[in-house]
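First comes the structure, then the notes that go with it.
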Amino acid sequence: MTARTEAEVVTDTSRLRAMLSSAGLQLLNYALILLLALGVGALAIAASGKDPVAAYQALLRGAFGSVRALANTLDRSTVMILAGLAAVLAFSTSVRNLGIEGQLYMGAFIAAWVGFGIDGLPSLLHIVLAFVASAIAGAAWGLVPILLRTRWDVDEIVTSLMFNYIATFFTAYLVAFPFKSDTTILPGTDPINATAKLPRFIRGSPLSVGFPMALVLVVVVYWFLFRTKQGYELRMVGMNPRFAAYAGLPVKRSALLGMLLSGAMAGVGGASLILGFFGRFITQFSLGYGWDGIVISLLAKNNPIAVIPAAIFYAGLANGSLEMQSATQVPTMLVSTVKGVIMFIVTAQVFLRHLARRSPR
Amino acid sequence: MAEAVAMLGITKQFPGVLANDDVDLVVEGGEIRAIVGENGAGKTTLMRILYGLEKADKGTIRVKGEEVAIPNARTAIALGIGMVHQHFKMVPSFTVAQNVVLGMEPHRGVLYEEGQSRNDVLGLSSRYGLVVEPDRRIMDASVGEQQRVEILRALYRKADILILDEPTAVLTDSETEELFAILRRLAQDGLTILFISHKLREVLAISDNTTVMRNGRVVGTVRTAQTTSDELSEMIIGRASLESASRDRAAAKVGEAVLDLEGVCVHDARGLLAVKSVSLQVRSGEILGIAGVEGNGQLELAEAITGLRPTAEGRIALLGNEIQNLSVRQIREAGVAHIPADRYAMGVSADALVWENLCGTSYYEEEFSGRIALSIDSILSNARVLIKEFDVRTPTLHCPARNLSGGNLQKLVVARELGAERAQLVVASQPTRGIDIAGTEAIRSMLMDYASRGAGVLLISADLDEILAISDRVVVMYEGQLTEVGTVDASTRERVGRIMTGADL
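So the sequence lines, in the order shown, correspond to chains A and B. Going by the working numbering, the first residue of the first sequence is number 37, and it counts up by one from there. Going by the working numbering, the first residue of the second sequence is number 31, and it counts up by one from there.
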């Protein structure tokens, strides 16, 4: 009996050690990925005859080097956090929503329309209305692909992806013709009213209440996924649909809800850019934030909280690259190399883990 | 006979588990050696080390008297060691002959000699009585034939030491008999056979000597002719007396029909009729065993009753109310619990945490959630009660279910399905497959307890011993149809065996 208890104590402490070392390993893993990606980037910089150290110093300075740089990075991270949440909501529910970019466009356009189309509302109400409308627009853009999936088993990877093109070209048409504005040379809508603009914090930086709002939404999504009935259903369906069906969970309804919430979050992300940064809808405004969101959710391993650091890191890369280019003439495109290496390693890890699980020990 | 294999002082550490702890195993040439023990006792690890699939941390291996290092399977094969895995590793679209020669095809120049390989396979086949059809594709071959192909494949590679990992788990009784005849002939021919098994009856029937392993150590090796099933199970469990779960049929109080099927037809995944107009009754307090070789419609029948598969025709009544084609949740709420055959893919969500698995069928009830939020506290305290009551061994409620061993994972399923105590009918498919003796006994007693509390149990099992041990009444399913065998008595085994292989039809 005593021997047995001892054995149990031993396994308990070894388990604790295993848990701690696994958290440490995770951090080490991320550090190594980052190091490797920056290393490949450094090789590319050196190969073009420039100084990698100086380039990376400029990158860091541009991203986090001053209050204003930091504020700008946080501002840019806002839409990335929201797009990341959109991806987390979809992927933890087994909905493979590749239409986040399109949903972002639809949300952005509707937010702009509400922003300039309605006059005389109190600011708070106007902003809330614009966000709600953009959420509905984003969700609606996900509706057709997910209904095709739940009704006829049409793969939503393809349909949601195709809907991106419809969204970008449709909104491009809208601002080129029916909503064409004379106030701008770019194809875009009229500027939104002052009451719809997100209040900013710092003079000279677009950082707005959009950022804290995104942080609040992170907490809400976390709570929803891990503490509510429907969040539980969504995650269980996502982890093992056969188990979910066997246990009597609403598999199709969960897929539908997962896509709608994902689309709504993407729409809100688009709105945050329009109401907080651009002040109007312009074509090609997004720079692929919907795709960034997917990569961010991969980096964050579908954990809503981890979306925050992942998005800030990505935003820092984007902002820092501008400073890097102007200070050291290393083109901003270099950052794509670094991102590409990260993406490559992260997906390879996901894939290898999948393989390791399938093979018996 | 000379020594064929000697493994001395073998030690293998996996993270958190000492799989082999200073294990000695010496086997003579021409011997049939059974290696028995519970899941996780270290049998398979030891064999994988011998076959070069794992590397031992310590210890030496001698093959035919010479000390060797076996870093990979290629080396093992070159030393004359062959292994037939539990799950076959073949190319389904290739023929039997092609699979046998795969990797060392007879050839002339660069050209593959199809005729030569057919002849080689037929030669080996007739020499050892391993009946196969060389031109049949593997995907069309029966499980028994596939296994014979695996054995032929080892023999083709000139194996004289053959490892079989739970070879009978997938076989019917008559296929098992055939396999044993083959193994005896191979042993007479001088081959050494290492036979891993859970089933003591088979071990006693086939082996010369039996090595028992427990917790990574060898408990002992005995001459099989001089031992008994009781002695072996004592060595395996390490307990003086094992109360073997068997049904006290006299005490069973059988009542009204709980489940009543009439003319039920169900299609399989390919749209073919898998259940053909089946009628049956399960009464309260009764365990009805459905015996039969897997793939004869049992899975489809269980899925139709539990709502996972549409019922094409007929009616299914639970306590007089029709439940066919209702949703899974409606059927569960009407009082049906389901222990599915595939516990890893369906019975649990392996990546979800233990508590998330335990509340899978009850999370939405008033006790466990408000209108929106889950009441995590009451879910967790209920989960604690369940794992205690059903003896689910897990370090914490907050680890993924995949960390649990097979037996504990199944106890988790049983805890969730039976713990709520509202089920009137339990549909249990292959409830103890691949589970060690202690776990099997525990799960069978849980099912018997549940029946004695007035529920009906529909036990679907390919393991005839299990059916005979705990069911009150037996039917056999063969090609989608049921044949009633009746209450269990001494002649049941033989009758069931004839019906389930189609001999009596």
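Cβ coordinates follow ideal geometry from the N, Cα and C atoms, glycine included. Quick caveat, the model's predicted, so the values are computed rather than measured.
8 angstroms CB neighbourhood of residue 44(A) in its chain, flanking five on each side removed:
Within the first sequence, the letter at position 8 stands for residue 44(A). Confidence is the limiting factor: at residue 44(A) the pLDDT is only 41, short of 50, which leaves the residue's position unreliable and the question unanswerable from this model.
Candidates 173(B), 345(B), 33(B) and 478(B): which alpha carbon is nearest residue 290(B)'s?
Reading the second sequence from its first residue, position 260 is the one you call residue 290(B). The residue with the shortest Cα to Cα distance from residue 290(B) is 345(B).
What number of angstroms, rounded off, separates the C-alpha of residue 198(A) from the C-alpha of residue 205(A)?
As a working note, residue 198(A) is residue 162 in the first sequence. As a working note, residue 205(A) is residue 169 in the first sequence. Using only the alpha carbons, I get a separation of about 11 angstroms.
Is there a Cβ of chain B sitting closer than 7 angstroms to that of residue 283(A), yes or no?
Looking up residue 283(A) in the first sequence gives position 247. Chain B contact via Cβ: present.
Which residues in chain B have a C-beta closer than 8 angstroms to the C-beta of residue 265(A)? List them in chain order.
Numbered from 1 along the first sequence, position 229 holds the residue referred to as residue 265(A). Identification of chain B residues near residue 265(A) by a Cβ-Cβ cut-off of 8 angstroms yields 393, 394, 399, 402, 403 and 404, ordered along the chain.
Assigned exposure category for residue 246(A) - 16 Cβ within 10 Å defines buried
Position 210 of the first sequence holds residue 246(A). So residue 246(A) counts as buried.
Under 8 angstroms by Cβ, that's how I've got residue 2(B) and residue 54(B) pegged, so tell me the actual separation to the nearest angstrom.
Outside the displayed range of chain B (31 to 535) lies residue 2(B), so it cannot be described from this structure.
CA-to-CA distance, residue 328(A) to residue 352(A), given in whole angstroms
On the first sequence, position 316 is the one that residue 352(A) refers to. On the first sequence, position 292 is the one that residue 328(A) refers to. Each residue's alpha carbon lies about 13 angstroms from the other.
Using 8 angstroms as the Cβ pair cut-off and three pairs as the minimum, do the region 280-287 of chain A and the region 263-272 of chain A touch?
yes
For residue 188(A) versus residue 299(A), is the C-beta distance shorter than 7 angstroms?
Taking the first residue of the first sequence as position 1, residue 188(A) is located at position 152. Taking the first residue of the first sequence as position 1, residue 299(A) is located at position 263. Cβ distance not < 7 angstroms, so residue 188(A) and residue 299(A) don't count as in contact.
Please classify residue 384(A): is it buried, with 16 or more other beta-carbons within 10 angstroms of its beta-carbon, or exposed?
Residue numbering aside, residue 384(A) sits at position 348 when the first sequence is read from its first letter. Looking at its Cβ environment, which holds fewer than 16 other Cβ atoms inside 10 Å, residue 384(A) is exposed.
Taking residue 242(A) as the reference, give the member of 110(A), 191(A), 390(A) and 61(A) with the closest Cα.
By 1-based counting over the first sequence, the position of residue 242(A) is 206. Residue 242(A) has its Cα closest to that of 110(A), out of 110(A), 191(A), 390(A) and 61(A).
My guess is that residue 423(B) and residue 438(B) are in contact by the Cβ rule of under 8 angstroms, so how many angstroms apart are they, rounded?
In the second sequence, the residue the question calls residue 423(B) occupies position 393. In the second sequence, the residue the question calls residue 438(B) occupies position 408. Right, the Cβ-Cβ distance comes to about 5 angstroms (below 8 angstroms), so this counts as a contact.
Evaluate residue 271(B) with the Cβ neighbour count: other Cβ atoms within 10 Å of its Cβ, from every protein chain shown; 16 or more gives buried, anything less gives exposed.
Locating residue 271(B) in the second sequence gives position 241, counting from the first residue. Interpretation of residue 271(B) is limited by its pLDDT of 42, a score under 50 that renders its predicted location unreliable; no figure is taken from the coordinates.
Endpoints, the beta strand (DSSP E) within which residue 279(A) is located:
Indexing the first sequence from 1 puts residue 279(A) at position 243. For residue 279(A), no beta strand (DSSP E) segment is defined; the enclosing uninterrupted segment is the alpha helix (DSSP H) at 277-283.
Only counting the same chain, and skipping five residues up and downstream in sequence, which positions put a Cβ closer than 6 angstroms to that of residue 413(B)?
Taking the first residue of the second sequence as position 1, residue 413(B) is located at position 383. 385, 388 and 427, listed in sequence order.
Around the Cβ of residue 139(A), are there at least 16 other Cβ atoms within 10 angstroms (buried) or fewer (exposed)?
As a working mapping, residue 139(A) is identified with position 103 in the first sequence. It is buried - the Cβ of residue 139(A) has at least 16 other Cβ atoms within 10 Å.
Out of 338(A), 372(A), 377(A) and 185(A), point me to the one whose CA is closest to residue 123(A)'s CA.
For this step, residue 123(A) is matched to residue 87 along the first sequence. Of the candidates 338(A), 372(A), 377(A) and 185(A), the one whose C-alpha sits nearest the C-alpha of residue 123(A) is 338(A).
I'd like to know whether the C-beta of residue 268(A) is nearer than 7 angstroms to at least one C-beta of chain B.
Working through the first sequence from its first residue, we reach residue 268(A) at position 232. Output row for residue 268(A): interface = yes.
Would you mind stating whether residue 224(B) and residue 193(B) have Cβ atoms separated by less than 7 angstroms?
Stepping through the second sequence from its first residue, residue 224(B) is reached at position 194. Stepping through the second sequence from its first residue, residue 193(B) is reached at position 163. Yes, the Cβ-Cβ distance between residue 224(B) and residue 193(B) is below 7 angstroms.
Any idea what DSSP makes of residue 345(A), helix, strand or coil?
As a working note, residue 345(A) is residue 309 in the first sequence. Three-state result, residue 345(A): helix.
Within the present structure, is the beta-carbon of residue 134(A) separated from the nearest heavy atom of the ligand SAM by less than 6 angstroms?
Ligands are entirely absent from the displayed structure, and the ligand SAM is therefore not among its contents.
By DSSP, does residue 435(B) sit in helix, in strand, or in coil?
Sequence index remark: in the second sequence, residue 435(B) carries index 405 (1-based). DSSP places residue 435(B) in coil when its eight states are reduced to three.
Proximity of residue 341(B) and residue 355(B) at Cβ, strictly below 7 angstroms:
Within the second sequence, residue 341(B) is the residue found at index 311, counting from 1. Within the second sequence, residue 355(B) is the residue found at index 325, counting from 1. Taking 7 angstroms as the Cβ cut-off, residue 341(B) and residue 355(B) qualify as a contacting pair.
Among 125(B), 447(B) and 509(B), whose alpha-carbon lies nearest the alpha-carbon of residue 370(B)?
Residue 370(B) sits at position 340 when you count from the first residue of the second sequence. Taking only the C-alpha atoms, the option nearest residue 370(B) is 447(B).
Do we get a CB-CB distance below 7 angstroms when we pair residue 244(B) with the residues of chain A?
The sequence position of residue 244(B) within the second sequence is 214, counting from 1. Output row for residue 244(B): interface = no.
Grab the span of the alpha helix (DSSP H) containing residue 218(B) for me, first residue to last.
The count along the second sequence starts at 1 and reaches residue 218(B) at position 188. Here the alpha helix (DSSP H) through residue 218(B) covers 203-218.
Using a threshold of 7 angstroms, state whether the C-beta atoms of residue 504(B) and residue 220(B) are closer than that.
By 1-based counting over the second sequence, the position of residue 504(B) is 474. By 1-based counting over the second sequence, the position of residue 220(B) is 190. Taking 7 angstroms as the Cβ cut-off, residue 504(B) and residue 220(B) do not qualify as a contacting pair.
Using a C-beta to C-beta distance shorter than 9 angstroms, which residues of chain A count as neighbours of residue 362(B)?
Reading the second sequence from its first residue, position 332 is the one you call residue 362(B). In chain order: 283 and 284.
Three-state class that DSSP yields for residue 509(B) in the structure shown
Numbered from 1 along the second sequence, position 479 holds the residue referred to as residue 509(B). Here residue 509(B) sits in coil by DSSP.
Using the DSSP secondary-structure output, state which residues sit across from residue 225(B) in a beta bridge.
Start at 1 with the first residue of the second sequence, and residue 225(B) comes out as number 195. DSSP lists 64(B) and 194(B) as partners of residue 225(B).
Do residue 312(A) and residue 129(A) count as a contact pair if the criterion is CB distance below 7 angstroms?
Here the question's residue 129(A) lines up with position 93 in the first sequence. Here the question's residue 312(A) lines up with position 276 in the first sequence. No, these two residues do not count as a Cβ contact at 7 angstroms.
contact_flag[the region 361-370 of chain A, the region 86-99 of chain A] where n(CB pairs < 8 angstroms) is 3 or more
yes
Can we say the region 93-111 of chain B touches the region 144-155 of chain B, given the rule of at least three CB pairs closer than 8 angstroms?
no
Spell out a yes or no on whether the region 363-381 of chain A and the region 271-279 of chain A are touching, meaning 3 or more CB-CB pairs, one atom from each, closer than 8 angstroms.
Segments in contact, no.
Proximal chain A residues relative to residue 370(B), where beta-carbon distance stays under 8 angstroms
By one-based count along the second sequence, residue 370(B) stands at place 340. Here the neighbours are 282.
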